[in-house]
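Report on the following structure.
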Amino acid sequence: MTVVRIPPTLRGEVGGARQVEASGETVRDVLEDLVERHPALGNQILTNGGIAPFVNVYLGGEDVRTMDGLDTTVPDGETLILLPAMAGGSSQPWTPAVARSLLDLVGQTPLVELPRISPKESVTIYAKLEGQNPTGSIKDRVAKAMIEAAEASGELEPGRALLEPTSGNTGISLALVAALKGYPLTCVLPENATEERKRLLRLYGADIVHSPASEGSNGAVRLALEMAEADPRWFVPFQYANEANPRAHYEGTGAEIATALDRVDVLVAGLGTGGTLMGAGERLRETFPDVVIAAAEPLPGDPVMGLRSLDDGYVPPILDVSRLDRKVLVSNEQSVAAVRELLRLEGILGGVSAGAAIHVARRLAAELDEGVVVAILADGGWKYLSADFWDAPEAGVEQSMESTVWW
Amino acid sequence: MVIPAAVRAAIAEHARAELPNEACGLLLLDGDQAVEYVAGENASPSPYFFELRLDPVAWADIGDRDLEQAVVHSHVSAPPRPSRTDVERIGLWRDRPYVIYSVRLDELAAWRVSPDGYEPLPLA
Numbered sequence: 001m002t003v004v005r006i007p008p009t010l011r012g013e014v015g016g017a018r019q020v021e022a023s024g025e026t027v028r029d030v031l032e033d034l035v036e037r038h039p040a041l042g043n044q045i046l047t048n049g050g051i052a053p054f055v056n057v058y059l060g061g062e063d064v065r066t067m068d069g070l071d072t073t074v075p076d077g078e079t080l081i082l083l084p085a086m087a088g089g090s091s092q093p094w095t096p097a098v099a100r101s102l103l104d105l106v107g108q109t110p111l112v113e114l115p116r117i118s119p120k121e122s123v124t125i126y127a128k129l130e131g132q133n134p135t136g137s138i139k140d141r142v143a144k145a146m147i148e149a150a151e152a153s154g155e156l157e158p159g160r161a162l163l164e165p166t167s168g169n170t171g172i173s174l175a176l177v178a179a180l181k182g183y184p185l186t187c188v189l190p191e192n193a194t195e196e197r198k199r200l201l202r203l204y205g206a207d208i209v210h211s212p213a214s215e216g217s218n219g220a221v222r223l224a225l226e227m228a229e230a231d232p233r234w235f236v237p238f239q240y241a242n243e244a245n246p247r248a249h250y251e252g253t254g255a256e257i258a259t260a261l262d263r264v265d266v267l268v269a270g271l272g273t274g275g276t277l278m279g280a281g282e283r284l285r286e287t288f289p290d291v292v293i294a295a296a297e298p299l300p301g302d303p304v305m306g307l308r309s310l311d312d313g314y315v316p317p318i319l320d321v322s323r324l325d326r327k328v329l330v331s332n333e334q335s336v337a338a339v340r341e342l343l344r345l346e347g348i349l350g351g352v353s354a355g356a357a358i359h360v361a362r363r364l365a366a367e368l369d370e371g372v373v374v375a376i377l378a379d380g381g382w383k384y385l386s387a388d389f390w391d392a393p394e395a396g397v398e399q400s401m402e403s404t405v406w407w
Numbered sequence: 001m002v003i004p005a006a007v008r009a010a011i012a013e014h015a016r017a018e019l020p021n022e023a024c025g026l027l028l029l030d031g032d033q034a035v036e037y038v039a040g041e042n043a044s045p046s047p048y049f050f051e052l053r054l055d056p057v058a059w060a061d062i063g064d065r066d067l068e069q070a071v072v073h074s075h076v077s078a079p080p081r082p083s084r085t086d087v088e089r090i091g092l093w094r095d096r097p098y099v100i101y102s103v104r105l106d107e108l109a110a111w112r113v114s115p116d117g118y119e120p121l122p123l124a
């Protein structure tokens with residue numbers, strides 16, 4: 001016989017007893033016997049052949065889910081403890097009507113339906129408009145999370161200076177966070193980054209160090225790491241290897257989508273550092289176990305601004321490719337066509353990587369009979385206005401984007 | 001429900017100690033009178049989520065005292081109202097007293113929560 005201790009929340013079902021007896025060799029046998037003796041317990045204890053979601057079962061002080069689950073052997077004379085599980089939480093940051101700091105307005109971006117982009121009525125495509133963050137891109141989440149994590153761990157203290165290899169959105173986001181928190185910031189970027197980008201970074205208060213144009217973004221990474229090695233005053237957040245990056249998307253981007261929607265079949269995001277796909281993907285999998293996490297990846301040798309081809313040789317340490325369900329290659333031309341269409345059909349001025357995500361979202365939506373596809377649009381198109389592709393004839397798009405590093 | 005100042009202070013102190021994450025625990029009630037706060041561990045540490053964990057034997061022993069139990073958790077910045085997650089996850093705690101403390105507002109509120117919604121419990 002096994003003694004089963006009953007919590008007050010379930011005592012009504014066992015005639016008020018604090019503990020009852022049941023027999024069996026495994027946890028399953030004991031619980032099935034228990035339900036047979038006290039049918040009112042029914043599916044509050046066991047559902048669909050498993051332990052019911054709101055009950056925890058302990059044997060020898062340990063949760064049986066961490067042992068062999070229902071197959072755990074129950075030694076004779078051992079006591080089984082049932083306890084009511086409790087989970088909850090505010091589930092999302094709450095935004096007051098008046099913010100004390102721009103940093104409080106990072107995240108909580110809107111989701112909007114794209115009925116004219118969706119290839120069929122039975123599939124709904126939603127866009128998450130990350131361009132509505134304070135500096136206009138998803139990187140505000142990452143910059144804030146990396147700096148606050150480093151402050152919390154004591155790694156970043158007043159007197160240190162920030163250094164990051166980036167010519168793009170991460171630099172602008174870091175510049176905002178650094179300015180509000182009082183750290184100087186230096187960005188290392190390839191010489192051929194657009195004047196528009198350099199100007200924005202300077203306006204936000206960042207200093208700029210150039211790396212050779214011929215070495216591309218990998219050259220900027222190399223130079224930044226060399227500088228940090230030579231002078232310990234530098235703190236390099238380094239978004240490609242910083243765990244706070246995917247965590248920002250787990251706790252923010254992904255949690256916001258999971259709270260807002262009752263169903264998600266496919267999540268599409270551009271492949272850059274991998275932070276969005278890893279973090280938001282993991283969070284969505286918890287709520288929607290069958291969700292397909294799809295990366296929009298540029299064709300090798302055909303760079304899409306803001307995205308990274310894994311074939312270029314660098315796999316960011318935070319990216320675990322095995323956690324991606326789909327990788328869909330997308331060309332520059334397709335991305336640009338999609339971003340123009342997004343503006344024409346839905347009135348959304350997106351960046352080029354948003355076009356890549358929309359292209360992939362539409363393709364995967366076409367494969368579904370019905371369902372919900374969420375595309376994360378990393379930024380708006382405002383920072384790309386000097387590019388020719390907005391009004392170039394379709395065939396001229398390629399040439400207009402080749403010679404410049406954007407991101 | 002009556003929550004004396006000392007118990008209220010224990011809840012607030014635990015919630016602040018767990019920042020930036022949500023804190024959780026059990027409030028023990030004798031009738032409508034709160035007599036003790038048992039701090040729990042947040043098994044899913046996050047600013048937006050909690051999962052209450054207590055030593056199972058100690059918790060079962062608490063269940064054998066003739067006291068009502070109420071789950072307590074903190075919201076870091078949101079007001080002390082049940083969120084959609086709180087309502088969805090109420091499970092076996094439905095229709096029992098449920099207490100939320102907002103750290104930002106330094107406000108405590110009590111509720112009765114069911115899967116269909118919640119209603120306030122007057123606090124004194």
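From first to last, the protein sequence lines stand for chains A and B.
Following the numbering used here, the numbering of the first sequence begins with 1 at its first residue and continues without gaps.
Following the numbering used here, the numbering of the second sequence begins with 1 at its first residue and continues without gaps.
C-beta: ideal position from N, C-alpha, C; glycine also.
Keep in mind it's a predicted model, so treat the numbers as computed, not measured.
Beta-carbon proximity of asparagine 169/A to glycine 136/A, cut-off 9 Å: Within the first sequence, the letter at position 169 stands for residue 169/A. Within the first sequence, the letter at position 136 stands for residue 136/A. Yes, these two residues count as a Cβ contact at 9 Å.
Beta-carbon proximity check, isoleucine 45/A vs leucine 59/A, cutoff 9 Å: In the first sequence, residue 45/A corresponds to position 45, counting from 1. In the first sequence, residue 59/A corresponds to position 59, counting from 1. Their beta carbons are not under 9 Å apart, which means isoleucine 45/A does not touch leucine 59/A by this criterion.
Rounded separation between threonine 79/A and leucine 92/B - CA only: One-based indexing of the first sequence puts residue 79/A at position 79. One-based indexing of the second sequence puts residue 92/B at position 92. Their Cα atoms are separated by approximately 21 Å.
C-alpha distance - valine 264/A paired with leucine 277/A, whole-angstrom precision: On the first sequence, position 264 is the one that residue 264/A refers to. On the first sequence, position 277 is the one that residue 277/A refers to. Straight-line Cα distance between these residues: approximately 14 Å.
Residue span of the alpha helix (DSSP H) that contains arginine 247/A, given as start and end: Taking the first residue of the first sequence as position 1, residue 247/A is located at position 247. First-last of the alpha helix (DSSP H) with arginine 247/A: 244-248.
Own chain residues within Cβ distance below 7 Å of leucine 156/A, not counting five before or after: What you label residue 156/A is simply residue 156 of the first sequence in a count that begins at 1. Contacts found: Ile147, Ala150, Phe235.
Buried or exposed by the 16-neighbour rule on C-beta atoms within 10 Å, applied to valine 98/A: The residue labelled residue 98/A in the question sits at position 98 within the first sequence. Under this definition valine 98/A is an exposed residue.
3 or more residues per run - each beta strand (DSSP E) lying fully within the segment 16-83 of chain B: 24-30, 33-39, 50-53, 68-75
Exposure of arginine 84/B, with buried meaning 16 or more beta-carbon neighbours within 10 Å: As a first step, residue 84/B must be located in the second sequence, where it is residue number 84. Exposed.
C-beta neighbour in chain A for glutamate 18/B, strict 9 Å: Within the second sequence, the letter at position 18 stands for residue 18/B. Not an interface residue.
Whole runs of the alpha helix (DSSP H) within the segment 129-209 of chain A, excluding any shorter than 4 residues: 139-153, 169-181, 195-203
Residue span of the beta strand (DSSP E) that contains valine 3/A, given as start and end: For the purposes of this step, residue 3/A is identified with residue 3 of the first sequence, where counting begins at 1. Residues 2-5.
Beta-carbon gap between isoleucine 3/B and leucine 27/B smaller than 9 Å: On the second sequence, residue 3/B is found 3 positions in, with the first residue counted as 1. On the second sequence, residue 27/B is found 27 positions in, with the first residue counted as 1. Cβ distance < 9 Å, so isoleucine 3/B and leucine 27/B count as in contact.
Local Cβ density within 10 Å of methionine 1/A, reported as buried at 16 or more and exposed below that: As a position in the first sequence, residue 1/A is number 1, starting the count at 1. Burial call: exposed.
CB contact below 9 Å: tryptophan 59/B versus chain A: On the second sequence, position 59 is the one that residue 59/B refers to. With 9 Å as the cut-off, tryptophan 59/B counts as an interface residue toward chain A.
First and last residue of the uninterrupted beta strand (DSSP E) at alanine 295/A: Against the first sequence, residue 295/A aligns to sequence position 295. Run containing alanine 295/A: 292-298, per the beta strand (DSSP E) assignment.
Three-state class that DSSP yields for glutamate 13/A in the structure shown: Taking the first sequence and counting its residues from 1, one reaches residue 13/A at position 13. It is helical.
Coil, strand or helix - phenylalanine 235/A by DSSP: Here the question's residue 235/A lines up with position 235 in the first sequence. Reduced to three states, the DSSP call for phenylalanine 235/A is strand.
Collapsed DSSP secondary structure at serine 217/A in the structure displayed: Counted from its first residue, the first sequence places residue 217/A at position 217. Helix, per DSSP.
Cβ neighbour criterion (16 or more within 10 Å) applied to glutamate 22/B: Numbered from 1 along the second sequence, position 22 holds the residue referred to as residue 22/B. Buried, by the Cβ-count rule.
Under 7 Å by beta carbon: chain B residues contacting tyrosine 58/A: For the purposes of this step, residue 58/A is taken as residue 58 along the first sequence, with counting starting at 1. The answer, in chain order, is Pro56.
Against chain B: residues of the segment 7-39 of chain A by CB proximity under 8 Å: Pro7, Pro8, Thr9, Leu10, Arg18
Where the beta strand (DSSP E) through valine 2/B begins and ends: Your numbering for residue 2/B matches position 2 in the second sequence. Here valine 2/B belongs to no beta strand (DSSP E), and DSSP marks it neither H nor E.
Complete alpha helix (DSSP H) runs within the segment 263-289 of chain A (minimum length 4 residues, chain order): 275-287
Beta-carbon proximity list for leucine 19/B, same chain, < 6 Å, skipping 5 on both sides: Within the second sequence, residue 19/B is the residue found at index 19, counting from 1. There are no such residues.
Contact with chain B by arginine 5/A, beta-carbon distance below 9 Å: Locating residue 5/A in the first sequence gives position 5, counting from the first residue. Taking Cβ atoms only, chain B reaches closer than 9 Å to arginine 5/A, which makes this a yes.
Simplified DSSP state of glycine 49/A, which is helix, strand or coil: Along the first sequence, read from residue 1 onward, the residue named residue 49/A stands at position 49. Glycine 49/A falls in the coil class under three-state DSSP.
Limits of the beta strand (DSSP E) - the one that glutamate 119/B falls within: As a working mapping, residue 119/B is identified with position 119 in the second sequence. Its beta strand (DSSP E) spans residues 117-121.
Proximal residues of chain A, C-beta to C-beta of proline 47/B below 9 Å: As a first step, residue 47/B is located in the second sequence; it is residue number 47 there, counting from the start. Residues of chain A passing the Cβ test: Gly89, Ser90, Pro93, Glu251.
Where valine 292/A falls, given that 16 or more other Cβ within 10 Å makes a residue buried: Here residue 292/A refers to the residue found at position 292 of the first sequence. Under this definition valine 292/A is a buried residue.
Whole-Å CB distance - alanine 412/A paired with leucine 299/A, under 8 Å assumed: Because residue 412/A is not part of the residues shown, which for chain A are 1 to 407, the question remains open.
Contact check, alanine 17/A vs aspartate 33/A, beta carbons under 9 Å: What you label residue 17/A is simply residue 17 of the first sequence in a count that begins at 1. What you label residue 33/A is simply residue 33 of the first sequence in a count that begins at 1. In this structure, aspartate 33/A does not lie closer than 9 Å to alanine 17/A by Cβ.
Residue of Leu54/B, Met1/B, Arg89/B minimising C-alpha distance to glutamate 62/A: Your numbering for residue 62/A matches position 62 in the first sequence. Of the candidates Leu54/B, Met1/B, Arg89/B, the one whose C-alpha sits nearest the C-alpha of glutamate 62/A is Leu54/B.
Cβ neighbour criterion (16 or more within 10 Å) applied to arginine 344/A: As a first step, residue 344/A must be located in the first sequence, where it is residue number 344. Per the 10 Å Cβ criterion, exposed.
Residue range of the unbroken beta strand (DSSP E) whose run includes glutamate 107/B: Sequence index remark: in the second sequence, residue 107/B carries index 107 (1-based). 107-114 is the extent of the beta strand (DSSP E) around glutamate 107/B.
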